[in-house]
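This report concerns only the one structure given below.
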Amino acid sequence: MFAEVLVNLPVDRTFTYAVPPGMRVARGSRVVVPFRGRPLGGFVLRLTEEAPPFAVKEVSNGGEVLIDDGFFDLARWIADRYACGWGEALEAAVPTGVKKRRAARTVTVARLAGPREPATARSPNQRRILELLGQAGPLTVADMARRLGSRPSLAPLVKKGWVVTQQVPGEIDALADVLHEAPKEITLTPEQEAALATIAAHPTGVTLIHGVTGSGKTEVYLRAIERVVAAGKQAIVLVPEIALTPQTVSRFRARFPRIAVLHSVLTEADRAAQWRTTRAGGADVIIGARSAVFAPTRALGLVVIDEEHEAAYKQDNAPRYHAREVAIERARREGAGVVLGSATPSIESLFLARRGDFRLATLSRRIEGRPMPEIEVVDMAAERAELKRFPILSRRLVRLMTETTSRGEQTILFLNRRGYVTQIVCTRCKWVFRCRRCDVAMTHHREQDRCLCHYCFDAKPVPEVCADCRAGGLLRLGIGTERIEDEVKTLFPGRTVARMDSDSMKTRRDYRESLGGL
């Protein structure tokens with residue numbers, strides 16, 4: 033038997049391989065094949081008994097069927113629409129952990145064998161490990177690596193009898209740290225009722241909800257999903273990765289106990305488990321970021337895309353698909369509806385709605401008549417000219433923060449940059465410390481005492497001198513969340529300051545504790 037395989041390459045053709053005797057493969061099976069001297073993943077498009085008129089290699093590994101006819105067709109559309117390989121499009125549809133056939137996960141947990149002072153260890157690294165385990169209790173090796181900044185070397189401590197390790201089941205509930213809130217009785221506004229009626233009247237069309245912030249778009253989503261689930265179908269909810277918070281998930285879980293979450297914070301094994309749960313029909317609602325548009329469902333009834341204007345829905349590397357367009361095409365093929373929501377819709381969506389291709393529902397008022405927040409723009413160039421320095425926070429902002437804290441209230445500062453400074457520049461020759469792979473400025477992370485590329489995650493020591501002219505006194509420019517945190521602590525000594533970014537929030541527990549404190 034021979035298999036025509038679509039491989040993960042930017043090519044528009046299949047490659048033929050012989051199926052070894054005893055290997056079970058079928059259309060849609062995940063396989064590994066030899067390709068130009070290296071193993072390459074792919075999916076079986078079709079099987080044939082007819083031998084090709086040329087010598088062929090054998091399939092190295094055969095796996096389970098992961099792709100059905102519907103996804104083959106959708107992937108073909110993606111390949112044509114975004115000028116990529118058919119196999120590349122199929123690769124995007126299945127999580128890595130599923131393709132690797134991840135088994136039930138086990139993790140290594142370390143704990144102290146008994147009370148011990150960290151000072152008894154000679155090595156600084158060993159002292160840090162003992163100190164961490166003494167403060168936090170038993171931890172997985174992965175948690176320790178995140179907290180210490182490098183993988184802990186436990187073998188010497190285990191050999192001395194100071195630390196004990198064991199393998200434990202690691203199939204973590206992806207929703208374990210989601211807050212459980214009781215569903216609230218909410219009376220819809222007339223505009224919300226009208227939006228819901230528009231969605232119900234066009235169950236297989238696209239509805240754009242143009243609603244101001246705080247107008248109750250999420251409640252409309254929830255009501256629309258309730259109708260779909262009551263009809264025995266499933267819903268996919270796409271949100272930007274940054275909005276995929278425990279609060280978002282908890283609001284959906286309060287209405288729909290059977291939900292699955294697909295996002296990058298999960299490990300490969302946990303994502304694979306959520307994907308399989310979804311595929312088996314164990315979830316009524318699937319919540320995730322861009323790639324969740326490919327979630328396997330038995331009866332898709334609705335796709336909701338919140339903040340549909342967000343650039344995060346467009347993938348940067350191949351296949352360069354836009355999740356909004358893929359969702360609309362998938363829903364069309366499966367007879368499902370699509371709801372797009374935004375306070376600032378994309379030009380494309382607004383144009384299609386005004387032309388009549390999409391249905392348009394407007395939510396022009398905030399819930400309970402709440403006023404829109406006042407927005408004030410501060411000219412930092414003027415601040416800089418008056419103060420003769422580069423202020424991190426404007427005087428106006430500091431004054432308002434002071435008034436807020438004096439009233440016992442809280443302040444939230446948003447900044448879309450991690451790290452301490454975003455550029456290291458030579459004042460003499462203008463050399464910039466860049467990533468050698470990506471040619472972008474490396475960001476200095478002071479807590480880790482290293483510079484990181486936020487694209488490929490390459491890490492380098494902080495330079496002391498210019499690599500070109502060897503001058504010292506390098507200038508550190510730009511502001512990251514670490515620097516903002518330092519500034520706020522200096523301005524408001526004695527006040528509790530918490531930083532929430534992917535550097536400080538290493539585990540689900542970190543997120544839960546910070547959100548709980550807020």
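Mapped onto this note's numbering, the consecutive letters of the sequence shown carry residue numbers 33 to 550.
Every residue, glycine too, gets a C-beta built ideally from N, C-alpha and C.
For residue j and residue i, the rounded distance between their alpha carbons
i: F288; j: L254; result: 9 Å
i: S378; j: S396; result: 17 Å
i: E406; j: T434; result: 18 Å
i: L432; j: A417; result: 21 Å
i: L547; j: L429; result: 23 Å
i: Y114; j: F47; result: 22 Å
i: A136; j: A324; result: Note that A136 scores a pLDDT of 48, beneath 50, so its modelled location is shaky; the value from the coordinates is reported in the next line. Between A136 and A324, the C-alpha separation is close to 22 Å.
i: V529; j: E517; result: 7 Å
i: A499; j: T329; result: 54 Å
i: D490; j: T128; result: 21 Å
i: V51; j: L98; result: 18 Å
i: P423; j: V520; result: 12 Å
i: Q442; j: T310; result: 39 Å
i: R523; j: E339; result: Going by the sequence as given, residue 523 is Leu instead of Arg. Cα-Cα distance, rounded: 35 Å.
i: A385; j: R290; result: 33 Å
i: Q306; j: R285; result: 15 Å
i: L472; j: E357; result: It should be pointed out that residue 472 corresponds to Val in this sequence rather than to Leu. Straight-line Cα distance between these residues: approximately 30 Å.
i: S534; j: D542; result: 10 Å
i: D209; j: P278; result: Any reading at D209 needs caution, since the residue's pLDDT is 49, under 50, leaving its predicted position unreliable; the model's value is listed next. C-alpha separation (whole angstroms): 7 Å.
i: F104; j: R362; result: 11 Å
i: G102; j: L332; result: 12 Å
i: Y49; j: E90; result: 5 Å
i: K249; j: L425; result: 33 Å
i: E223; j: T230; result: 11 Å
i: F465; j: P525; result: 33 Å
i: G313; j: A355; result: 22 Å
i: A292; j: A359; result: 18 Å
i: G169; j: Q198; result: 14 Å
i: T140; j: V173; result: 6 Å
i: G69; j: L79; result: 24 Å
i: V281; j: V271; result: 10 Å
i: V317; j: Q167; result: 39 Å
i: P201; j: R308; result: With a pLDDT of only 48 at P201, under the threshold of 50, the placement of this residue in the model should not be trusted; the figure read from the coordinates follows. Spanning the two alpha carbons is a distance of roughly 18 Å.
i: F34; j: A58; result: 11 Å
Same chain, Cβ closer than 8 Å to residue i, five either side skipped, listed in chain order
i: L228; result: L220, V252, R255 and A256
i: V195; result: A142, R143, L144, A145, I161, L162, L165, L186 and L189
i: E496; result: G504 and L506
i: C488; result: C467, R469 and C470
i: G549; result: T528 and A530
i: E408; result: R428
8 Å contact criterion, which residue i and residue j should meet: CB distance rounded
i: A327; j: L294; result: 6 Å
i: L334; j: G369; result: 5 Å
i: V244; j: F390; result: Contact flag wrong, Cβ pair sits at about 19 Å.
i: G505; j: V453; result: Between V453 and G505 the Cβ distance is about 14 Å, and since that is not below 8 Å, they are no contact.
i: V37; j: V76; result: 6 Å
i: V261; j: I319; result: Their Cβ separation, rounded to whole angstroms, is 13 Å, which puts V261 and I319 out of contact at 8 Å.
i: T513; j: L447; result: 5 Å
i: C483; j: M474; result: 4 Å
Residues of its chain near residue i, where Cβ-Cβ distance is below 7 Å and the 5 sequence neighbours each way are ignored
i: G246; result: R398, I399 and R402
i: I218; result: E251
i: Q347; result: R322 and Y353
i: N93; result: V63 and V64
i: A107; result: W118, A121, L122 and A125
i: K131; result: R62 and G73
i: R508; result: V453, I456 and H476
i: R56; result: G94
i: A375; result: G243, V244 and T245
i: A350; result: P42, C116 and E120
i: E273; result: H295, S296, A321 and A344
Spatial neighbours of residue i in its chain, beta-carbon cut-off 6 Å, leaving aside the 5 residues before and after
i: A177; result: R183
i: M404; result: none
Per DSSP, cross-strand counterpart(s) of residue i
i: I318; result: I268 and A292
i: A50; result: F34 and E90
i: S61; result: V97
i: S374; result: H242
i: I456; result: R508
i: T197; result: A142
i: T310; result: Partner(s): none; T310 has no beta bridge.
i: T152; result: In DSSP, T152 forms no bridge with anything.
i: L186; result: Answer by DSSP bridge pairing: none, since L186 is not bridged.
Item to complete: Just list the alpha helix (DSSP H) runs in the region 224 to 307, keeping only unbroken ones of 4 residues or longer that don't cross its boundaries, in chain order.
Response: Correct list: 249 to 262 and 278 to 285.
Worksheet item: In chain order, which beta strand (DSSP E) runs of at least 3 residues are fully inside the region 67 to 119?
Response: Qualifying beta strand (DSSP E) stretches, in chain order: 70 to 80 and 93 to 97.
Worksheet item: What are the start and end residues of each continuous alpha helix (DSSP H) run of 4 or more residues lying completely inside the region 461 to 528, in chain order?
Response: Within the region 461 to 528, the alpha helix (DSSP H) runs of at least 4 residues that lie entirely inside it are, in chain order, 513 to 523.
Practice prompt. Please go through the region 320 to 369 and give each complete alpha helix (DSSP H) segment of 4 or more residues, from N-terminal end onward.
Written response: 355 to 366, all fully within the region 320 to 369.
Worksheet entry | Residue ranges of each beta strand (DSSP E) within the region 378 to 438, 3 or longer | Listed in chain order, the complete beta strand (DSSP E) runs (minimum 3 residues) inside the region 378 to 438 are 391 to 395.
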